[in-house]
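Notes follow once the structure below has been shown.
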Amino acid sequence: MTVSSTSKLLGPIAVTLILTGPLAAEAAAAHPAHHTAPHSASGAARLASQGPPAAAEPDGVVRHSGANGAEREGVLDYWTAERMESALPAGSLLDEVFPTPETKEGGTEDGRTRPSASRTASGQHSTGERWTSGGAVTRTTGRVFLTMGGRDLTCSAAVVPAENRDTVVTAGHCLKDGTGAWAGNWTFVPGYDNGEAPYGRYVVREALVDRKWSAEAEDSFDFGMAVLHPTGDNHVQDQVGAQRIAFGDRSGQQTYAFGYPTAGGFDGSGLHYCAGRPTADKRGTTASGMRCAMTEGSSGGPWLTDFDPASGEGTITSVISFKYANDASTQFGPRLGDEAERLYEEAGSL
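According to mature numbering (1 follows the signal peptide of the UniProt record, and there is no 0), the sequence shown holds residues -27 to -1, 1 to 323 in order.
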């Protein structure tokens, strides 16, 4: 993770496991703000957290294989309502994963955290309201459940167009704990709503992050792609559609961020959003930030520009990543540049 002169609060926006209904329970998709305390993934039906570490490919893509065959069924069996309900609350998890940073020279703290309230609406200046306008975004965005460090956690992700019809984009920390372990039991639930999985549950087949995330945990590269197994004969993109994705600098454009926050007054039961015009981060990353009260659990959710509230369609230009500890009202997302485009192209070819 890039070191900043200001303390980071939401580093990969951790999430809690507090689900309701049949799928009940969320987790906290969390990774340490400074990545100094890597967590190993759970031993139960894993995303392939065991075995030798994945090797970086020539273009800087680091790829890891997920569960296959009987293991895949084991992952689906793992996510019982009981297990989700017994997940740690976000507060307890954050206390351990994001310890209070030490004060640095100059009196400032150094460290990031992952997003932290509840509302409803659908306007151009939302800071965390419930999304009530329907549309494609309610299908293409979903909740992710995973294990890391022996804990059940949760994140957000979104379906993107791909030849394999099985690709989603999310935050790097929702796939791999920075320089630490890969997540286990990784499962995507598109359109998650109050414990229901209306379009099925999809287990990861391949996970991809950038080398600079895997080797250095730099927040500027906190993005990743996951290629999913079909559920039966159903590819996720055929079931829910996909949002366009673009690469390059889109800061300053009207942007909508979507995710499933789980802490600080949110319960992870439904899709929330923020809207505004991001501005460039001036504290050590190439990310952009916008006002947003969403908390842990929203990590990995999409930032959409050219968004049409009526259809729920837009273009993904970033993903929810972190907040600074001394500014919990601003959420940051990394720039999706050439490195992200390489991940996307590689994922789509698998």
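For each residue, glycine too, the CB sits at the ideal point set by N, CA and C.
- Each of 118, 240, 266, 180 was checked against the Cα of residue 38, and the nearest Cα belongs to 180.
- Contact between residue 140 and residue 320 holds: CB atoms are separated by about 5 Å, below the 8 Å threshold.
- In this structure, residue 248 lies away from residue 291, with their beta-carbon atoms at least 9 Å apart.
- Here residue 299 is exposed. Its C-beta has fewer than 16 other C-beta atoms within 10 Å.
- Going by DSSP, residue 290 is part of the beta strand (DSSP E) stretching over 286 to 292.
- By the beta-carbon neighbour count (other beta carbons within 10 angstroms, threshold 16), residue 153 is buried.
- In the three-state scheme derived from DSSP, where H, G and I count as helix and E and B as strand, residue 145 is classed as helix.
- For residue 183, the pairing in a beta bridge is given by DSSP as 34.
- Close CB contacts of residue 286 within its chain, under the 6 Å cut and outside five residues either way in sequence, are with 109 (chain order).
- Under the three-state reduction of DSSP, residue 242 is assigned to coil, being neither helix nor strand.
- Of all alpha-carbon atoms in 307, 36, 165, the one lying nearest the alpha-carbon of residue 296 is that of 307.
- At least 9 Å separates the beta-carbon of residue 272 from that of residue 156.
- Boundaries of the alpha helix (DSSP H) around residue 311: 311 to 322.
- At the C-beta level, residue 173 and residue 209 come within 9 Å of one another.
- Residue 160 has 118, 176 as its beta-bridge partners, per DSSP.
- Annotation: the continuous alpha helix (DSSP H) that includes residue 44 extends over 43 to 51.
- In the DSSP assignment, residue 200 falls within the beta strand (DSSP E) that extends over 197 to 201.
- Secondary structure at residue 136: coil, using DSSP grouped into helix, strand and coil.
- Residue environment analysis places residue 284 among the exposed positions, since fewer than 16 neighbouring C-beta atoms fall within 10 angstroms of its C-beta.
- Distance from the CA atom of residue 214 to the CA atom of residue 289, rounded to whole angstroms, is 14 Å.
- Taking C-beta atoms under 8 Å as the contact rule, residue 133 and residue 317 qualify, at a distance of about 7 Å.
- When secondary structure is reduced to three states using DSSP, residue 227 falls in the coil class, being assigned neither helix nor strand.
- Out of 322, 52, 241, 146, the CA that lies nearest to the CA of residue 186 is found in 146.
- Beta-carbon to beta-carbon, residue 230 and residue 265 are separated by about 6 Å, close enough to satisfy the 8 Å threshold.
- Residue state for residue 301 is assigned as strand, using DSSP reduced to three classes.
- Non-local C-beta neighbours of residue 223 in its own chain, meaning closer than 7 Å and more than five positions away in sequence, comprise 278, 290, ordered along the chain.
- In the structure shown, residue 166 adopts extended strand secondary structure according to DSSP, grouped into three states.
- Residue burial is scored here from C-beta neighbours: residue 219 has fewer than 16 other C-beta atoms within 10 angstroms and is therefore classed as exposed.
- Between the alpha carbons of residue 114 and residue 47 lies a distance of about 24 Å.
- One Cα belongs to residue 239, the other to residue 43, and the distance between them is close to 35 Å.
- Across the structure, residue 52 and residue 101 are spaced so that their CA atoms are roughly 27 Å apart.
- Close CB contacts of residue 107 within its chain, under the 8 Å cut and outside five residues either way in sequence, are with 285 (chain order).
- The beta carbon of residue 194 is closer than 7 Å to those of 145, 183, 185, 186, 307, 312 in its chain, skipping five residues each way along the sequence.
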